[in-house]
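Just so you know, the protein sequences line up as chains Z and V, in that order. Per my numbering, the first sequence starts with residue 12, numbered consecutively. Per my numbering, the second sequence starts with residue 12, numbered consecutively. All residues carry an ideal CB built from backbone N, CA and C; glycine is no exception.
Protein chains: 2
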Amino acid sequence: MATRRINMKDIAREANVSVATVSYVINKRKDQTIAKSTIKRVEDAVKKLGYVPNLAAKALVENKSYLIGVVIPQTEPGKQFMFSNPFYGELLSSIEFVARDKGYHVLISGTDVDQSYLEIANKRGLDGIIIVGIHPDNYYEDLKNTSIPVVLIDSYCDNLPFFSISIEDRKSAKIATQYLINKGHRKIAFASGVITGNGVTYERFLGYKDALEEANIEVNDDYIYSGTVSQEYGADIGLKIANQKDRPTAIFSTADIIAFGIINGLKKAKLSVPNDISIVGFDDTWIARDCDPQLTTIKQDVFKKGQKAVELLIDNENITNKNTVLDIELIERESVAQL
Amino acid sequence: MATRRINMKDIAREANVSVATVSYVINKRKDQTIAKSTIKRVEDAVKKLGYVPNLAAKALVENKSYLIGVVIPQTEPGKQFMFSNPFYGELLSSIEFVARDKGYHVLISGTDVDQSYLEIANKRGLDGIIIVGIHPDNYYEDLKNTSIPVVLIDSYCDNLPFFSISIEDRKSAKIATQYLINKGHRKIAFASGVITGNGVTYERFLGYKDALEEANIEVNDDYIYSGTVSQEYGADIGLKIANQKDRPTAIFSTADIIAFGIINGLKKAKLSVPNDISIVGFDDTWIARDCDPQLTTIKQDVFKKGQKAVELLIDNENITNKNTVLDIELIERESVAQL
């Protein structure tokens, strides 16, 4: 099978004219006089060979690529995307949908260890960059000096010259934990991915502690579970909690997908949610509505997060406030019992 | 915040030279003599302003974009990607990972109603196209005439001049159904997305019928459930089957995500898997390992599907067989009981 794209040379050969003539015809140059019959020959060849001028040429002229780069967390540096968390699929889906509507395309690329995303951004002439989640500090360093607009989703790198979109993670976690406290729970575990400064997980950890503190409950280190954002880790936590000596009666998990795993882990240990242990999740991805029992969780508007990010990249002339904070809502379902 | 990319004009202004001079220096043209001090001025300006030459220029010269387009099914024509099925996230993740390793980037774009993907492909100068799932016939029509290599994943459009990657869907479905028959089941339901010619669902439906026929079991139309590939539709099926008069004792579902929904639907109707009803899924996404009970399912190698697709696009000079068929395997877990 042919693998080469049709170019002007092919048109020139087919139409039996020079490449310059093809270029004049295709670019509708008015400063050249070309015989009508020649124009017709070129146009016929274009049609026959299925040639379409490349956006790369347009990009060079307009200095615009209509291309937005999206960075999603990887399972490990240099590895695959973390698509096992439905949150990222939903977010990417929203970004692509809104971008498409505005005539833009989405480039997705992870980075290899030690590769700078700026390199990718410049090479591709990206019109904007959306970075989801947190990355090592030096990841942002390079990007500080680019004139390409950058939107950070779910990070707390406040000192950087980027746009940011987030929710009030600390407050949300406090609301979730307070909800459990109001249901009579005092032994409340915290389950999350790695707790890193600048990250949403750290903020949610602070919110969890805020709620405990306000209720005069001491933080118990044995109740803090921090690993990976995955159902596997959740299942691990579930088994561990089931076998814990002074077992917590409730769990606040910073991701639905971890909560889903915890429920499975507890089930394996013959414990039931919410009868034995209550649990509140985070995100309100489809997993929350479709696990058993249905998950009480903090709902964030994933579609809006993606939409707002694209809008900020495309039209940011009059934006004075770099930080957009979206609303959340606690959704009551079946996973919490009154103690 | 600045939203414009640095271009040669900016460098020229900063270095106080002409744009032509900037171009000569950046492109290291040997046919022009430029003073060393001028070269230094330009280089300093490049560094200061963070200018990097654009891949768009390189693409025009090399006629290669190092860009692969990936098309994922949308929930409806013109709508968002169908990322709620974890299969697509896993596949995209694998495509991006392998492409990145080979120096390529991935462009994802759905299409609007009546938009041709060829338009996108040509505009972007894509080096290859991966189309996942089946699309209306006219979707492929345009692409027939392109010289850009196309790989179809999971479709049966055999008459098209494209590469294809698939599994033996018909045989896989037969294996799954026979497994249930061997466990003593004769009332076996079929649960799937829309059954369309050329699609994997249709092939799997044929395989299901093959197995019944060989065992002298008549196909019962009341046992055929065909809707959308989603947990919601699965939950619907579960409730319907629970209330069915002559209820099936087993279900073969063409997607884990539907099976997951069915289990939830049955649970709501106080029926348990596998005690009341057995179920076999398809794909072996993480959902299969982490639902309760764990799903007996047909495992396909999702990573390999993505990997092979990228390899076919990048190096297809000596490929004589357009169709790649990957192996499958039945994974026994907890969702099937002997009748």
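Collapsed DSSP secondary structure at residue i in the structure displayed
{"i": "V:Thr44", "result": "coil"}
{"i": "Z:Ala13", "result": "Note that Z:Ala13 scores 40 on pLDDT, short of 50, meaning its location in the model is unreliable and no value can be drawn from it."}
{"i": "V:Ile273", "result": "helix"}
{"i": "Z:Val230", "result": "coil"}
{"i": "V:Gln305", "result": "coil"}
{"i": "V:Val57", "result": "helix"}
{"i": "V:Phe263", "result": "strand"}
{"i": "Z:Thr49", "result": "helix"}
{"i": "V:Asn193", "result": "helix"}
{"i": "Z:Lys333", "result": "coil"}
{"i": "V:Phe173", "result": "coil"}
{"i": "Z:Ser245", "result": "For the record, residue 245 of chain Z in the displayed sequence is Gly; it is not Ser. Of the three classes helix, strand and coil, the one that applies to Z:Gly245 here is helix, per DSSP."}
{"i": "V:Ile178", "result": "strand"}
{"i": "V:Gly218", "result": "helix"}
{"i": "Z:Gly210", "result": "strand"}
{"i": "Z:Gln126", "result": "coil"}
{"i": "V:Asn133", "result": "helix"}
{"i": "V:Lys281", "result": "coil"}
{"i": "Z:Gln318", "result": "helix"}
{"i": "Z:Val347", "result": "coil"}
{"i": "V:Gly100", "result": "helix"}
{"i": "Z:Thr157", "result": "coil"}
{"i": "Z:Tyr35", "result": "helix"}
{"i": "V:Ser105", "result": "helix"}
{"i": "V:Glu328", "result": "coil"}
{"i": "Z:Val30", "result": "helix"}
Bridge partner(s) assigned by DSSP for residue i
{"i": "V:Ser310", "result": "The identity of residue 310 of chain V in the sequence shown is Lys, whereas the question assumes Ser. V:Lys310 pairs with V:Asp294, V:Glu340."}
{"i": "V:Ala202", "result": "V:Tyr236, V:Ser264"}
{"i": "V:His116", "result": "V:Leu78"}
{"i": "V:Phe92", "result": "V:Gln85"}
{"i": "V:Tyr141", "result": "At residue 141 of chain V the sequence reads Ile, which differs from the Tyr that was named. V:Val81, V:Val162."}
{"i": "Z:Ser289", "result": "Z:Ala261"}
Per-residue contacts from residue i into chain Z (C-beta, under 8 Å)
{"i": "V:Val117", "result": "Leu118, Ile119, Ser120"}
{"i": "V:Leu103", "result": "Phe92, Phe94, Ile119"}
{"i": "V:Glu107", "result": "Gln91, Phe92, Ile119, Ser120, Gly121"}
{"i": "V:Ala272", "result": "According to the sequence provided, residue 272 of chain V is Gly. The question's Ala does not apply to it. What V:Gly272 touches in chain Z: Asp301."}
Contacts that residue i makes with chain Z (C-beta to C-beta distance below 9 Å)
{"i": "V:Lys278", "result": "Asp303"}
{"i": "V:Gly249", "result": "Here the premise fails: no neighbours, minimum Cβ distance about 11 Å."}
Under 7 Å from the C-beta of residue i: neighbouring residues of chain V
{"i": "Z:Gln242", "result": "Trp297, Asp301"}
{"i": "Z:Asn209", "result": "Under the 7 Å cutoff, chain V gives no residues; its nearest Cβ is about 20 Å from Z:Asn209."}
{"i": "Z:Arg344", "result": "Correct list: empty, because the minimum Cβ distance to chain V is about 13 Å."}
{"i": "Z:Asn334", "result": "Per Cβ cutoff of 7 Å: no residues; Z:Asn334 is ~13 Å from chain V at best."}
{"i": "Z:Gly195", "result": "Those within 7 Å of Z:Gly195 in chain V number zero; the least Cβ separation is about 27 Å."}
Chain-ordered chain V contacts of residue i [CB-CB under 8 Å]
{"i": "Z:Ile17", "result": "Ser158"}
{"i": "Z:Gly292", "result": "Correct list: empty, because the minimum Cβ distance to chain V is about 15 Å."}
7 Å Cβ cut-off: residues of chain Z touching residue i
{"i": "V:Gly114", "result": "Under the 7 Å cutoff, chain Z gives no residues; its nearest Cβ is about 10 Å from V:Gly114."}
{"i": "V:Asn275", "result": "Asp301, Asp303"}
{"i": "V:Gly144", "result": "The contacting residues do not exist; V:Gly144 stays about 15 Å from chain Z at best."}
{"i": "V:Gly61", "result": "Asn156, Thr157"}
Contacts that residue i makes with chain V (C-beta to C-beta distance below 9 Å)
{"i": "Z:Gly238", "result": "Correct list: empty, because the minimum Cβ distance to chain V is about 16 Å."}
First through last residue of the beta strand (DSSP E) which encompasses residue i
{"i": "V:Leu163", "result": "161-164"}
Continuous alpha helix (DSSP H) stretch holding residue i: start and end
{"i": "Z:Arg258", "result": "Z:Arg258 -> no alpha helix (DSSP H), and no H or E assigned at all."}
{"i": "Z:Tyr62", "result": "Unbroken run through Z:Tyr62: none, as it is neither H nor E."}
{"i": "Z:Asn18", "result": "Per DSSP, Z:Asn18 belongs to no alpha helix (DSSP H) and is neither H nor E."}
{"i": "Z:Glu152", "result": "148-152"}
**Prompt:** Should the region 295-310 of chain V be regarded as contacting the region 251-268 of chain V, the criterion being three or more beta carbon pairs within less than 8 Å?
**Reply:** Between the region 295-310 of chain V and the region 251-268 of chain V, the count of Cβ pairs shorter than 8 Å is three or higher; the stretches touch.
**Item:** Inter-stretch contact at 8 Å, needing at least 3 Cβ pairs: the region 189-203 of chain V / the region 254-261 of chain V
**Value:** Three or more beta-carbon pairs drawn from the region 189-203 of chain V and the region 254-261 of chain V are found closer than 8 Å, and the two stretches are therefore classed as touching.
**Message:** If contact is defined by three or more beta carbon pairs under 8 Å, each pair taking one atom from either stretch, is the region 175-184 of chain V in contact with the region 306-321 of chain V?
**Reply:** Contact between the region 306-321 of chain V and the region 175-184 of chain V is present, because at least three Cβ pairs lie under 8 Å.
**Asked** Hey, is the region 46-57 of chain Z in contact with the region 111-121 of chain Z, meaning 3+ C-beta pairs nearer than 8 Å?
**Response** Touching, no.
**Message:** Does the contact criterion of 3 or more C-beta pairs under 8 Å hold for the region 134-154 of chain Z versus the region 319-330 of chain Z?
**Reply:** By the criterion of at least three beta-carbon pairs nearer than 8 Å, the region 134-154 of chain Z is in contact with the region 319-330 of chain Z.
**Cβ contact check for the region 97-109 of chain V and the region 91-102 of chain Z: 3 or more pairs under 8 Å** = Segments in contact, yes.
**Asked** Are three or more beta carbon pairs between the region 155-174 of chain V and the region 200-219 of chain V nearer than 8 Å?
**Response** Contact holds between the region 155-174 of chain V and the region 200-219 of chain V, because three or more Cβ pairs, one in each stretch, are under 8 Å apart.
**Item:** the region 184-191 of chain Z / the region 244-255 of chain Z touching (three or more Cβ pairs under 8 Å)
**Value:** With the cut-off at 8 Å, the region 184-191 of chain Z and the region 244-255 of chain Z do not touch.
**Item:** At least 3 beta-carbon pairs within less than 8 Å: the region 118-127 of chain V vs the region 74-81 of chain V
**Value:** Here the region 118-127 of chain V makes contact with the region 74-81 of chain V; the two share three or more CB pairs at distances below 8 Å.
**Request:** Decide if the region 269-287 of chain V is in contact with the region 226-243 of chain V; the criterion is three or more beta carbon pairs, one per stretch, under 8 Å apart.
**Result:** Output reads yes: the region 226-243 of chain V touches the region 269-287 of chain V.
**Asked** Pairing CB atoms from the region 223-230 of chain V with CB atoms from the region 282-297 of chain Z, are three or more of them under 8 Å?
**Response** Output reads no: the region 282-297 of chain Z does not touch the region 223-230 of chain V.
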